[in-house]
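Quick note: the sequence shown uses the numbering used here, first residue 12, plus one each step. For each residue, glycine too, the CB sits at the ideal point set by N, CA and C. This structure is a prediction, so every number in the text was calculated from the model and none was measured.
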Amino acid sequence: MEDMERAHVPVGIEDYAELVTRYRCVDKTLLIKEMVDCPDNAYLFTRPRRFGKTLNLSMLKTFFEKTDGDTSVYFKDKKIWQCGEKYTSLQGKYPVICLTLKNATGRTWDIAYDKLKDSIITEYARHKELRDCSGLDSADAAEIERIKMGTAAPGEYERSLLFLSEMLRKKNGVKPIILIDEYDAPLQDGCAKGYYNEVSLFLSGFFEAALTANPNLEFAVIAGVLGIAGNLYGGLDGVKTYSVLDKKYGEFFGFTREETGDLLEYYGAEDKLDEVCKWYEGYHIGDAIVLNPWSVVKYVSEGFEPKDYWIKTGSQSKIAQMLEKLSAEDRKKTARLGKGGVIDAAINKRADYPALMEETGNVFTMLLMLGYLTSLGGSTELAEELESIDSGTDEDKCCRAYRLAAPDREVRLALKSARR
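As structure tokens, this is what we get:
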């Protein structure tokens with residue numbers, strides 16, 4: 012059985028319980044400890060695609076959610092279980108609201124809105140305790156039924172997570188945790204298909220009700236690729252963002268060199284570490300330098316053959332379109348990146364989606380957030396110039412100067428190819 016399991020590599024597995032039950036996994040459970048020790052009311056983790064965001068949210072759900080079964084079995088051999096009762100006592104103690112907006116997209120806002128409603132309805136139906144309306148007044152019971160039947164008013168769906176958290180607190184006697192995955196998928200789609208204003212206005216109210224003005228919330232974790240911008244500032248006011256430019260939590264998304272070495276050793280390929288690092292290591296996030304987790308897992312599953320696995324999960328034409336917008340000077344910078352060089356560029360952390368997609372000055376910001384570039388730290392070369400146009404505090408500045416590089420060989424080859 013052990014040999015058979017070794018032959019299988021968990022490519023694309025995003026359910027934590029399935030992963031730890033059937034496969035060898037990289038242990039990221041100390042993320043739980045960090046969040047307990049330094050609690051925020053709401054976290055937003057932004058990382059490139061395929062960097063473990065969905066799996067980490069699944070891990071948090073499995074750890075914290077109160078269920079009929081014993082879910083501690085998924086953690087007793089993990090690092091978090093060695094950290095003491097302060098942490099293990101929280102396992103399985105909370106109702107959890109878990110929502111993904113991945114599929115809340117469509118050709119029009121009406122289609123996207125219907126899919127968003129479907130996601131909310133599915134989450135309401137998942138909570139069996141709401142089938143018994145005893146202890147709730149008739150108005151609350153009627154609203155639950157309208158939401159589950161898909162007949163509620165738009166305003167009721169806008170406040171549906173606030174309402175659900177209130178009902179779960181009443182039923183369980185404990186404030187719930189809210190987990191939202193791919194929060195920005197509808198925004199990206201709306202920007203591309205012409206209904207950005209409608210979707211951003213709805214989500215601003217949706218998030219504000221659930222995360223900012225919610226007395227029933229224990230804490231919330233949100234995940235996506237890009238940061239907060241535009242109309243969402245009001246809805247996500249008070250949410251603490253941890254992006255690829257922030258120091259904390261850097262090692263929890265992506266594989267460290269040590270984790271990659273342990274994984275290769277398990278599969279009998281410890282001699283491949285240098286090759287793997289040459290191809291896939293180089294994302295600087297805080298104090299951590301991590302490897303692209305998707306490419307590492309694919310490398311193992313494909314018989315230890317180095318290829319551009321992560322690049323192929325995205326659109327090469329999108330990179331080419333972004334690079335076409337660059338000035339002659341910025342094209343020279345891109346050429347340096349493809350050769351392993353370093354450039355200085357202004358990164359606008361508050362650009363909204365239309366600005367990121369359409370404005371030439373935000374191309375390097377977009378490439379950084381999407382994972383095609385990595386930051387090597389602040390740049391002094393551009394700092395003085397930026398000071399003259401943005402005089403706020405360091406925390407409030409929308410534009411800051413960074414030294415940027417292509418993170419690894421896989422991306423460098425893609426940048427070279429996109430420029431042809």
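Asked, Found
"Since Tyr-54 contacts Ile-296 with CB under 8 Å, what's their CB separation in whole angstroms?", "So it is not a contact: roughly 15 Å between Cβ atoms."
"Which residue's Cα is closest to the Cα of Ile-354: Asp-341, Pro-365 and Asp-363?", "Asp-341"
"Tell me the DSSP secondary structure of Leu-179 in three-state form.", "helix"
"By Cβ distance below 6 Å, which residues in the same chain neighbour Glu-406 in space, the five residues on each side in sequence not counted?", "Unreliable placement is indicated for Glu-406, whose pLDDT of 49 sits below 50; no coordinate value is reported for it."
"Assign Ile-330 to one of three DSSP states: helix, strand, or coil.", "helix"
"Assuming Val-236 contacts Thr-57 under a Cβ cut-off of 8 Å, what Cβ separation, rounded to an integer in Å, is found between them?", "6 Å"
"Let's test the definition: count the other Cβ atoms within 10 Å of the Cβ of Glu-226 and tell me whether it reaches 16, buried, or not, exposed.", "Reading off the sequence, residue 226 comes out as Pro, not Glu. Pro-226 comes out exposed."
"Write down the C-beta distance between Ala-115 and Lys-126 rounded to the nearest angstrom, noting that I regard them as a contact closer than 8 Å.", "5 Å"
"The beta strand (DSSP E) that contains Val-353, what's its start and end?", "353–359"
"Exposed or buried, what is Asp-211 when buried is set at 16 or more other beta-carbons lying within 10 Å of its beta-carbon?", "A small correction: the amino acid at residue 211 is Ser; Asp does not occupy that position in the sequence shown. Classification of Ser-211: buried, given that the 10 Å Cβ count is 16 or more."
"In whole angstroms, what separates the C-alpha of Arg-411 from that of Thr-82?", "44 Å"
"Where Leu-172 and Ala-221 are concerned, what is the direct C-alpha to C-alpha distance, given to the nearest angstrom?", "5 Å"
"Use the C-beta contact count for Arg-33: other C-beta atoms within 10 angstroms, 16 or more gives buried, fewer gives exposed.", "exposed"
"Please give the ranges of any beta strand (DSSP E) in the segment 36–68, keeping only runs that are unbroken, at least 3 residues long and fully inside the region.", "53–57"
"Answer yes or no: do Asp-419 and Gly-293 have a C-beta to C-beta separation smaller than 8 Å?", "yes"
"Rounded to whole angstroms, what's the CA-CA distance from Met-70 to Val-311? Just pull it up for me.", "23 Å"
"Within its chain, find whatever has a CB closer than 8 Å to the CB of Val-307; leave out the 5 residues flanking it on each side and keep chain order.", "Phe-266, Thr-271, Leu-274, Val-287 and Tyr-291"
"Which word fits Tyr-168, buried or exposed, when buried means at least 16 other C-beta atoms lie within 10 angstroms of its C-beta?", "buried"
"Please report the distance separating the alpha-carbon of Val-255 from that of Leu-147.", "44 Å"
"Ignoring anything shorter than 4 residues, give me the alpha helix (DSSP H) runs that lie fully in the segment 206–273, in order along the chain.", "207–218 and 243–246"
"Quick one: grab the DSSP three-state call for Arg-411.", "strand"
"Hey, would you say Ala-123 sits closer than 8 Å to Gly-201, going by beta carbons?", "yes"
"What residue from Val-185, Ile-132 and Pro-106 has the CA that sits closest to Lys-159's CA?", "Ile-132"
"Give me the residue from Glu-177, Val-107, Gln-199 and Asp-257 with the minimum Cα distance to Ile-191.", "Val-107"
"Spatial neighbours of Asp-129 within its chain, please: CB distance less than 6 Å, with the 5 preceding and 5 following residues excluded, ordered by chain position.", "none"
"From Tyr-105 to Lys-97, what distance separates their C-alpha atoms?", "15 Å"
"How would you write the range of the beta strand (DSSP E) that Cys-109 sits in, first residue to last?", "107–111"
"Tell me whether Pro-304 is buried or exposed, calling it buried when 16 or more other Cβ atoms sit within 10 Å of its Cβ.", "buried"
"Could you tell me the distance, in whole angstroms, from the CA atom of Ser-215 to the CA atom of Asp-282?", "50 Å"
"For Pro-317 and Glu-421, what's the separation of their Cα atoms in angstroms?", "9 Å"
"With distances taken Cα to Cα, identify the nearest neighbour of Leu-179 among Glu-76, Lys-204, Gly-261 and Gln-102.", "Glu-76"
"Indicate the three-state DSSP secondary structure (helix, strand or coil) for Asp-88 in the structure shown.", "coil"
"Could you tell me whether the Cβ atoms of Ala-299 and Gly-261 are closer together than 8 Å?", "yes"
"Whole angstroms are fine: how far does the CA of Lys-72 sit from the CA of Gly-80?", "14 Å"
"With the cut-off set at 8 Å, would you say Ile-189 and Leu-228 are in Cβ contact?", "yes"
"Using the C-alpha atoms, what's the distance from Lys-87 back to Glu-370?", "50 Å"
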